[in-house]
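Sequences listed follow chains A and B, in order.
Here the first sequence stands for residues 1 to 174, where the numbers follow the UniProt record's numbering.
Here the second sequence stands for residues 1 to 174, where the numbers follow the UniProt record's numbering.
Okay, so here's the structure we're looking at.
Protein chains: 2
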Amino acid sequence: MTLRHAVLGLLAEAPGSGYDLLKRFETAMANVWSATQSQLYGELGKLEKSGLIEVVSEGPRGRKEYAITGEGRAELRAWLLEPWAPPSPRSETLLRIYFLGEVAPVQAREYVRRYAESADELAGHLASIDESVDWDDSDSAVFGRLVLEWGKRHAAMEREWADWAVERIRTARG
Amino acid sequence: MTLRHAVLGLLAEAPGSGYDLLKRFETAMANVWSATQSQLYGELGKLEKSGLIEVVSEGPRGRKEYAITGEGRAELRAWLLEPWAPPSPRSETLLRIYFLGEVAPVQAREYVRRYAESADELAGHLASIDESVDWDDSDSAVFGRLVLEWGKRHAAMEREWADWAVERIRTARG
DNA sequence: GAGCCCATGTAATAAGTTACATGATTGT
DNA sequence: ACAATCATGTAACTTATTACATGGGCTC
């Protein structure tokens, strides 16, 4: 039930069509949550049926612009305040690293090096988002920057860890 | 197809029953991947049927000890060397933070404070794992420590970020 | 014999991915 | 006219969660 709330949150910021939301998932939210086109349209249908969002206008090409309803906003707030437990982590990348003893040390180092590269790419991507977004002093901008900063710090941590790890693998096995 | 490889990897380290593996998911792998009991037994059945693992002995209470086969080990290595793309991040916690502008600043700060606490708890948990595990100089110990270190750095980053974020929310809105 | 752990399995549901399928509008 | 982008939807499949269901063995 998380995509549900991601959609409600985006529509609470500003109304939009499925297509619009998809773009927002790919850019500002890329750091945070993702959705496929298929899943998104399905969820919009369900949310409308349950009255949490509504169609506010129809445009060309069957475009339907959705907006959050009062009920939807109430649901969003309830979700934000509800007691939560951090979900158990699930990282395919870390899983591979955990088992890297199964392959030759050279290959293991190479894997970690690629990991470092992708951390750098992510850092670059986040930096470009930071530049392209027009940060005002609205609530969403404040928290958007918080989340962006989280991503930057995360990418930096990954980079540093990877450098350290490559060295560690070298000294452990040559 | 990731649980599949998590199971293969664990059985490559040492044979075990479903129950054993479940324990290992909850302890050493807690940082990395998780599985429910239900999912695990299902996957063990499928892996056995496809010949990637086999039952090596049966014990009391219907206990079945599984071991990885040659074919299974080959599959594990292929997976480790296969080209990969980092999966799109999906963090319910960050998602909530992203939308925290919907609730009162006091509540937002409180949320971030709880986040910091859970980062500390994670750090403590990882430290206790580090102490309780008997690290030899095997491959799996080398990479196990790498992954554990990743977790420690991650927890530290979250803690620092949260402190900074609380301050940021305070100055932005009082 | 009571309680705790060991041990496995099934069924129903929810969530997410990939592929398929279609078509209108806009800008050049 | 052509290409790019806008725009929505369905079907089949895989993955993961929650709840149900059962029972043996060990220790005190």
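Just so you know, even glycine gets a beta-carbon here, dropped at the ideal spot from N, CA and C.
| Query | Result |
| --- | --- |
| Can you have a look at residue 1(B) and say buried or exposed, based on whether 16 or more other CB atoms are within 10 angstroms of its CB? | exposed |
| Checking contacts by CB at 9 Å: is residue 129(A) closer than that to chain B? | no |
| Report buried or exposed for residue 50(B), applying the criterion of at least 16 other Cβ atoms within 10 angstroms of its Cβ. | exposed |
| Shorter than 9 Å from the beta carbon of residue 61(B) to some beta carbon of chain A? | no |
| Here's a check: name, in chain order, each residue in its chain whose Cβ is nearer than 8 Å to the Cβ of residue 48(B), leaving out the five neighbours to either side. | 54, 55, 66 |
| Taking Cβ positions only, does residue 107(B) come closer than 9 Å to chain A? | yes |
| Can you check which of these residues, 89(A), 73(A), 95(A), 161(A), is closest to residue 80(B) by C-alpha distance? | 95(A) |
| How would you write the range of the alpha helix (DSSP H) that residue 132(A) sits in, first residue to last? | 105-132 |
| Suppose contacts are defined by Cβ-Cβ distances below 9 Å. Is residue 187(B) in contact with residue 34(A) by that definition? | With chain B represented from 1 up to 174, any question about residue 187(B) goes unanswered, as that position is not in the structure. |
| Out of 144(B), 103(B), 108(B), which one is the CA nearest neighbour of residue 31(B)? | 144(B) |
| Compare the Cα-Cα distances from residue 44(A) to each of 18(A), 62(A), 22(A) and report the closest residue. | 18(A) |
| Would you say residue 147(A) lies against chain B (beta-carbon separation less than 9 Å)? | yes |
| Hey, how far is the Cα of residue 39(A) from the Cα of residue 59(A)? | 22 Å |
| Check whether the segment 90-109 of chain A and the segment 67-87 of chain B touch, using three or more Cβ-Cβ pairs below 8 Å as the test. | yes |
| Could you check whether the segment 155-170 of chain A touches the segment 117-134 of chain A, counting it as contact only if at least three pairs of C-beta atoms, one from each stretch, sit closer than 8 Å? | yes |
| Contact defined as beta carbons within less than 8 Å: I believe residue 73(B) pairs with residue 12(B). What is the distance between those atoms, to the nearest angstrom? | 6 Å |
| Throw me the rounded Cβ distance for the residue 97(B) and residue 133(A) pair, which I believe falls under 8 Å. | The pair is not a contact, with the Cβ atoms about 16 Å apart (cut-off 8 Å). |
| Report the neighbours of residue 87(B) on chain A: residues whose CB is nearer than 7 Å to its CB, in chain order. | 92 |
| Going by beta carbon distance, what residues of the same chain come within less than 6 Å of residue 6(B), once the five residues before and after it are set aside? | 33 |
| Any C-beta of chain B sitting closer than 9 Å to the C-beta of residue 12(A)? | yes |
| Sort 20(A), 124(A), 167(A) by Cα distance to residue 113(A) and report the nearest one. | 167(A) |
| Tell me which residue opens and which closes the beta strand (DSSP E) that residue 65(A) is part of. | 64-68 |
| Would the beta-carbon of residue 21(B) fall within 9 Å of that of residue 68(B)? | no |
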